[in-house]
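To start, the structure itself, in structure tokens.
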Amino acid sequence: MKYWEKIKRQSKRLFFWDGNPSMEVQIYNAILVIIFFIGIIFSISNLFLGNQALVWSSAIAVVLLLICFYLLRVKNAYKLAFYISSGGSYPLLAYAFFYNDGINGPNFYMFLLVHLIILSILKLKFHYVWTLINMLFFTGLFYIGLYHEEWIPKNYVSKEAVFLDHVLTYFVSLIGISILINSIKRFYAVEKEKVKEKSIELTQINRSLTKTSAQKDKIITIISHDLKNPLQSIIQTLELMDSGELSEEEIKFLRQELLKTTNRTYKMMENILEWSSFEIKNMAGREKEMLVKELVEDTVEILKVIAKQKSIQLEVNYHKNPLVYLETDRLLLIFRNLVQNAIKFTPAGGLVTIDLNCLNEQLILEITDNGIGISADRLSNIFAQDIKSTYGTEQEKGTGMGLHLCYQSAHKLNGELKVDSTEGVGSSFKLIIPTGINR
3 MKYWEKIKRQ SKRLFFWDGN PSMEVQIYNA ILVIIFFIGI IFSISNLFLG NQALVWSSAI
63 AVVLLLICFY LLRVKNAYKL AFYISSGGSY PLLAYAFFYN DGINGPNFYM FLLVHLIILS
123 ILKLKFHYVW TLINMLFFTG LFYIGLYHEE WIPKNYVSKE AVFLDHVLTY FVSLIGISIL
183 INSIKRFYAV EKEKVKEKSI ELTQINRSLT KTSAQKDKII TIISHDLKNP LQSIIQTLEL
243 MDSGELSEEE IKFLRQELLK TTNRTYKMME NILEWSSFEI KNMAGREKEM LVKELVEDTV
303 EILKVIAKQK SIQLEVNYHK NPLVYLETDR LLLIFRNLVQ NAIKFTPAGG LVTIDLNCLN
363 EQLILEITDN GIGISADRLS NIFAQDIKST YGTEQEKGTG MGLHLCYQSA HKLNGELKVD
423 STEGVGSSFK LIIPTGINR
């Protein structure tokens, strides 16, 4: 069984391409195999009919085909093989014409088969040349056969021999044409399928690139949104220290606070950039087990500094300090955005309250402010992807993407984000997500 499998594999490598050559080369390879067997059939049939001249011409054709096959498959000399086979075909046809009763013989069937074979593997710009060659050979031989029939020896000994030779040559030519057309259609179907696969692959790549581009835009928005306010706070503190209106003791205190804020901002930036890298690469496994208070306390201190710059009181109530196992970076993203938005839309002297609680293995984070609130029209599509600039109570400019990102991130944490707001009174955003501890 293994022996026959080995023979089948070797035969497949002999007659079919393992690589990805051009369609013309593949067709030419198949044609050589087809005509090789046709040549053998003609050798046997002419031997049976007693026409020794045609036996020799068929044998020469078979040898030429073997040489061409060797050049094509072993030496990879496609053009040389083509010119030998095509250039040798017409002299052989002319020879067969003279020794197979001229126009009374069946040789003209082969002219159409040979021409079709040549056109199928030849570039379009050469078709006219080979068509002209075929026409000249056919016209010249037909003229000789009609007006100089004495030049052509008579080989048929009976009408039965004429009938058999014509039928056999016609059938062989017909079968050759059919196989050739089927081969071309098969190769066309294979190439069409490859193009279809490539098209699907390119579509998928394009979708992936579009998704990656959108993801990068989202990351840039997050970085700019989360880092802009802390950096502005640091700049304002430095400007205050440089104003010359503070005492040495006040400057010393601010310097210490500035160092703390800068360190916290730097740490936050590192976490954002690390998380961004994982997001772009679509990598999982960013879950951590932490107490909520430990997770948010550094961010709270940064947010307090930002709130202080607007004379806003930031109040944090830890009703419970649950242990969570989830994507902590994503939770911090939501936390930072909601609190910064609350500060942004609350006027000076206002109050922003953060309440952290846990109920039935659900972490509940609620941010409430007494700011300008949200209109009913805006509230109806508050979480939509709205790339529209928004301005806070002191003209702080935003992209309008923050809440959309929070909403998406809440769903990725298997949670939900709710909002309740009254224009002119204030807003309340509530995030409810599983703690993930009893997973």
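This note's numbering numbers the first residue of the sequence shown as 3 and each following residue consecutively. In this text, a Cβ means the ideal position worked out from N, Cα and C, and glycines have one as well.
Item                                                                                                                                                                                                : Value
My parser needs the alpha helix (DSSP H) runs of 4 or more residues fully inside the region 116-182; what are they?                                                                                 : 129-149
Residue range of the alpha helix (DSSP H) that G89 falls in?                                                                                                                                        : Y80 to F100
Count the other CB atoms, across all protein chains shown, that sit within 10 Å of the CB of A309; report buried if there are 16 or more and exposed otherwise.                                     : buried
Among E250, G428, L340 and E162, whose alpha-carbon lies nearest the alpha-carbon of F50?                                                                                                           : E162
Classify L56 as buried or exposed, calling it buried when 16 or more other Cβ atoms lie within 10 Å of its own Cβ.                                                                                  : buried
Which complete alpha helix (DSSP H) runs does the region 316-341 hold, if anything under 4 residues is left out?                                                                                    : none
Taking just the CA atoms, how far does L211 sit from F38?                                                                                                                                           : 51 angstroms
For F431, write down the residues that DSSP places opposite it in a beta bridge.                                                                                                                    : I369 and V421
From the DSSP output, in three-state form, read off D346 for me.                                                                                                                                    : Correcting the residue type first, residue 346 is Lys in the shown sequence and not Asp. Note: K346 maps to helix in three-state DSSP.
According to DSSP, is K306 helix, strand or coil?                                                                                                                                                   : helix
How close, in whole Å, do the beta carbons of K471 and N359 come, if the pair is a contact with beta carbons under 8 angstroms?                                                                     : Here the chain has residues from 3 to 441 only, and residue 471 is not among them.
Please go through the same chain and pick out, in chain order, the residues whose beta-carbon is closer than 8 angstroms to the beta-carbon of G426, but skip the five residues on each side of it. : I374 and G375
Going by beta-carbon coordinates alone, are L328 and L415 separated by less than 7 angstroms?                                                                                                       : yes
Suppose contacts are defined by Cβ-Cβ distances below 7 angstroms. Is I154 in contact with I36 by that definition?                                                                                  : no
Say whether the region 59-69 touches the region 201-210, bearing in mind that this needs 3 or more beta-carbon pairs closer than 8 angstroms, one atom from each stretch.                           : no
Identify whether I376 lies in helix, strand or coil by the three-state DSSP scheme.                                                                                                                 : coil
Considering Cα atoms alone, identify which of I356, K312, R338 and D422 is closest to S377.                                                                                                         : D422
If you draw a straight line from the C-alpha of F100 to the C-alpha of I123, how long is it?                                                                                                        : 28 angstroms
For L365 and V298, which I take to be in contact (beta-carbon distance under 8 angstroms), what is that distance rounded to the nearest angstrom?                                                   : Not confirmed; about 11 angstroms, so no contact.
Quick check: Y80 and V27, are their CB atoms within less than 7 angstroms of each other?                                                                                                            : yes
For F189, which option in Y145, I29, N319 and D371 has the closest C-alpha, if you only look at C-alpha atoms?                                                                                      : I29
Name the DSSP beta bridge partners of K290, please?                                                                                                                                                 : L328
Going straight from the alpha carbon of A98 to that of L82, what length do you get?                                                                                                                 : 24 angstroms
Within 10 Å of its beta-carbon, does V116 have 16 or more other beta-carbons around it, so buried, or fewer, so exposed?                                                                            : buried
Check whether the region 344-355 touches the region 379-387, taking contact to mean three or more Cβ pairs, one atom from each stretch, closer than 8 angstroms.                                    : no
Cβ atoms of T437 and E317: under 7 angstroms apart, would you say?                                                                                                                                  : no
Using only alpha-carbon positions, find the residue among N372, L176 and A191 that is nearest to I314.                                                                                              : N372
Please report the Cβ distance between T267 and I236, rounded to the nearest whole angstrom; I am assuming they are in contact, meaning their Cβ atoms lie under 8 angstroms.                        : 7 angstroms
Shortest alpha-carbon distance to L143 belongs to which of V131, I119, P108 and V164?                                                                                                               : P108
Taking V354 as part of the beta strand (DSSP E), name the residues at either end of that continuous run.                                                                                            : L353 to L361
Give me, in chain order, the residues of the same chain whose beta-carbon lies closer than 6 angstroms to that of K432; leave out the 5 immediate sequence neighbours on both sides.                : E368 and K420
If you compare alpha carbons, which of G104, F173, L126 and F113 is closest to E152?                                                                                                                : G104
Which residues mark the beginning and the end of the alpha helix (DSSP H) in which L67 is found?                                                                                                    : Q54 to R75
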